[in-house]
Amino acid sequence: MNNKEEVIENTPELVDHIYQYFQKTYPRRVSRQMIDFQASKRIEIFKANLKYIIRHNEDSSTTFKLKVTEFSDWTDEERDGLRSKINVKTLNNKQPVESRGDATVPPEYDWTNQTRVPGAVTPVKNQHHCGSCYAFGMVGGLEKTYAEIYNQSGPLSPQQLIDCRGEGGCDGGTVEDCFEYIKNNDYRLNLEKDYPSTLDGKQQEKCQNSSGARLSHNSTYTLNYERLPTGNEEYMKKIVYERGPIVVYFNCGLRTGNDTILREASNKFDHYASGIFDVPGCPTHRNLNHAPVIVGYGTENGTDYWKVKNSWGTDWGEDGYIRIKRNDNMCGIATSPFSLGLFSKHH
Numbered sequence: 053m054n055n056k057e058e059v060i061e062n063t064p065e066l067v068d069h070i071y072q073y074f075q076k077t078y079p080r081r082v083s084r085q086m087i088d089f090q091a092s093k094r095i096e097i098f099k100a101n102l103k104y105i106i107r108h109n110e111d112s113s114t115t116f117k118l119k120v121t122e123f124s125d126w127t128d129e130e131r132d133g134l135r136s137k138i139n140v141k142t143l144n145n146k147q148p149v150e151s152r153g154d155a156t157v158p159p160e161y162d163w164t165n166q167t168r169v170p171g172a173v174t175p176v177k178n179q180h181h182c183g184s185c186y187a188f189g190m191v192g193g194l195e196k197t198y199a200e201i202y203n204q205s206g207p208l209s210p211q212q213l214i215d216c217r218g219e220g221g222c223d224g225g226t227v228e229d230c231f232e233y234i235k236n237n238d239y240r241l242n243l244e245k246d247y248p249s250t251l252d253g254k255q256q257e258k259c260q261n262s263s264g265a266r267l268s269h270n271s272t273y274t275l276n277y278e279r280l281p282t283g284n285e286e287y288m289k290k291i292v293y294e295r296g297p298i299v300v301y302f303n304c305g306l307r308t309g310n311d312t313i314l315r316e317a318s319n320k321f322d323h324y325a326s327g328i329f330d331v332p333g334c335p336t337h338r339n340l341n342h343a344p345v346i347v348g349y350g351t352e353n354g355t356d357y358w359k360v361k362n363s364w365g366t367d368w369g370e371d372g373y374i375r376i377k378r379n380d381n382m383c384g385i386a387t388s389p390f391s392l393g394l395f396s397k398h399h
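The opening position of the sequence shown corresponds to residue 53 in my numbering, with each subsequent residue numbered one higher.
Here's what the structure looks like:
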């Protein structure tokens with residue numbers, strides 16, 4: 053135990069003071085997903101996480117830092133409720149289709165900071181207390197297509213996918229399910245302003261509005277997705293540069309259960325602050341329970357990374373983003389990637 057941890061352990065009034073500040077920063081949203089129990093238990097959870105964060109940040113060998121986040125006093129069950137139940141289908145390992153020409157792929161690229169397709173990446177959203185990352189991943193993967201078709205930035209509506217698909221809601225779903233819904237809805241999806249998210253992110257009783265902007269608009273190109281080959285991060289890099297942001301399934305850990313590495317991955321992901329996320333031994337083919345969006349890539353101090361857009365608000369991570377170690381299939385990031393967009397009909 054280092055000095056800072058001892059101070060936390062032995063100065064309850066300091067912890068109380070920090071916790072009060074935390075509560076002001078993250079006012080508790082009342083939600084059916086949150087368990088109402090004694091404040092003293094919440095403080096204990098908070099204290100344990102505070103010590104964990106300090107211990108991690110004092111370790112000079114790590115490539116990333118942690119911080120207190122909205123989840124720092126949540127129970128294990130509440131934190132797991134943010135994860136989606138995703139049934140990842142077995143993946144085809146066919147060789148990649150030829151991509152456009154053979155442009156040399158630059159060593160770094162960031163769709164949040166480019167002029168090719170203005171508005172390709174919209175501001176970071178927040179899924180709140182709902183396991184709906186699949187819907188946020190889907191719209192994050194489609195917003196470049198919207199910007200290309202309509203020449204403007206359009207945050208699309210994840211809430212429509214949560215409410216109108218007929219199943220899943222806050223219990224999870226997949227990119228494939230969302231695509232089927234959009235396809236059967238005449239390739240339409242509302243903008244967020246026309247179908248806003250609920251305050252606590254939860255599913256509404258019924259679908260509010262199934263119209264929306266058409267995402268497939270001419271006879272040559274149609275909206276579709278391509279499942280990229282497993283574990284080929286060089287090809288993923290090429291696709292991100294040439295086509296745009298891609299949706300991935302990711303193992304962001306699990307708190308309930310006795311799997312030490314999953315508990316570790318969850319603690320580190322939930323409290324991620326900055327740097328390049330790297331959890332050695334994080335399983336790559338099981339527990340894929342999150343669907344964020346890769347928006348770019350680069351290298352820092354010799355470590356290759358993906359720049360990934362999350363859906364946990366802008367306070368989390370690097371303004372809502374996380375950089376994840378690249379070329380190691382870190383936590384399954386390269387196990388089941390999807391490229392969404394306009395494909396020629398002969399594709």
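Glycine included, every Cβ here is placed at the ideal spot set by N, Cα and C. Because the structure is a prediction, the values reported are computed rather than measured.
request  = Please confirm whether Arg-338 and Arg-131 have their CB atoms less than 9 Å apart.
outcome  = no
query = If you draw a straight line from the alpha carbon of Asn-109 to that of Trp-126, how long is it in whole angstroms?
reply = 21 Å
query = Looking at C-alpha atoms only, which residue of Glu-228, Gly-384, Met-190 and Gly-221 is the closest neighbour of Thr-250?
reply = Gly-221
inquiry  = Using only the alpha-carbon positions, how far apart do His-69 and Val-300 sit?
reply    = 39 Å
Simplified DSSP assignment, three categories, for Ser-249 = coil
request  = Under 7 Å Cβ to Cβ from Cys-334, same chain only, skipping five residues before and after it: list those, please.
outcome  = Asn-303, Ile-313, Ala-317, Met-382 and Cys-383
Spatial distance of Pro-64 from Ile-138 (CA atoms) = 41 Å
query = Buried or exposed: which applies to Thr-387, given that a residue is buried once 16 or more other Cβ atoms fall within 10 Å of its Cβ?
reply = Flag for Thr-387 reads buried.
ask   = Straight-line CA distance for Ser-263 to Asn-165?
value = 31 Å
request  = With DSSP as the reference, label Glu-370 as helix, strand or coil.
outcome  = Correct three-state label for Glu-370: strand.
Exposed unless 16 or more other CB atoms sit within 10 angstroms - verdict on Val-191 = buried
message = Helix, strand or coil, according to DSSP, for Ala-172 in the structure here?
response = Three-state result, Ala-172: coil.
Exposure label - Leu-267; buried when at least 16 CB within 10 Å = Buried, since its Cβ has 16 or more Cβ neighbours within 10 Å.
ask   = What residues match up with Asp-162 in a beta bridge as DSSP calls it?
value = Gly-348
ask   = What first and last residue would you give for the beta strand (DSSP E) that runs through Asn-276?
value = Bounds of the beta strand (DSSP E) holding Asn-276 are 273-279.
ask   = Roughly how many whole angstroms lie between the Cα atoms of Asn-101 and Lys-93?
value = 13 Å
ask   = Between Ile-60 and Gly-224, what straight-line distance do the alpha-carbon atoms span, to the nearest angstrom?
value = 37 Å
inquiry  = Assuming the contact rule is C-beta atoms closer than 8 Å, Lys-397 and Thr-272 should be a hit. Round their C-beta distance to whole Å, please.
reply    = 7 Å
message = Please return the same chain residues whose Cβ sits closer than 6 Å to the Cβ of Ile-97, not counting the five positions on each side in sequence.
response = Short of 6 Å from the beta carbon of Ile-97, and not among the five residues preceding or following it, lie these beta carbons of its own chain, in chain order: Asp-125.
7 Å CB neighbourhood of Thr-115 in its chain, flanking five on each side removed = Gly-327, Ile-328, Asp-330 and Thr-355
query = So the alpha helix (DSSP H) Thr-312 belongs to, where does it begin and stop?
reply = 312-322
task = Can you grab the Cα-Cα spacing for the pair Lys-359 / Gly-189, in whole Å?
result = 14 Å
task = Quick one: give me the first and last residue of the beta strand (DSSP E) that Gly-225 is part of.
result = No beta strand (DSSP E) holds Gly-225; DSSP gives it neither H nor E.
task = Go ahead and label Ser-363 buried or exposed: buried means 16 or more other beta carbons lie within 10 angstroms of its beta carbon, across all protein chains shown.
result = buried
query = Hey, quick one: how far does the beta strand (DSSP E) through Asp-356 stretch, first residue to last?
reply = 355-361
ask   = What is the DSSP secondary structure of Asn-178, reduced to helix, strand or coil?
value = In this structure, Asn-178 counts as strand in the three-state DSSP scheme.
query = Is Arg-375 helix, strand or coil when you go by DSSP?
reply = strand
ask   = Identify the residues that DSSP records as bridge partners of Ile-95: which are they?
value = BP columns for Ile-95 are empty, so no partner.
key: Identity of the residue in Asp-128, Gln-75, Gln-212 and Val-67 nearest Lys-99 by Cα   = Val-67
ask   = Roughly how many whole angstroms lie between the Cα atoms of Thr-142 and Arg-279?
value = Confidence at Thr-142 is low in this model, with a pLDDT of 49, below 50, so the placement of that residue should be treated as unreliable; the coordinate-derived value is given next. If you take the alpha carbons of Thr-142 and Arg-279, they lie about 11 Å apart.
request  = Give, in chain order, every unbroken run of the alpha helix (DSSP H) that is at least 4 residues long and sits entirely within the stretch 97-140.
outcome  = 128-132
inquiry  = Assuming contact is defined by CB atoms lying nearer than 9 Å, are Arg-240 and Cys-230 in contact in what I supplied?
reply    = no
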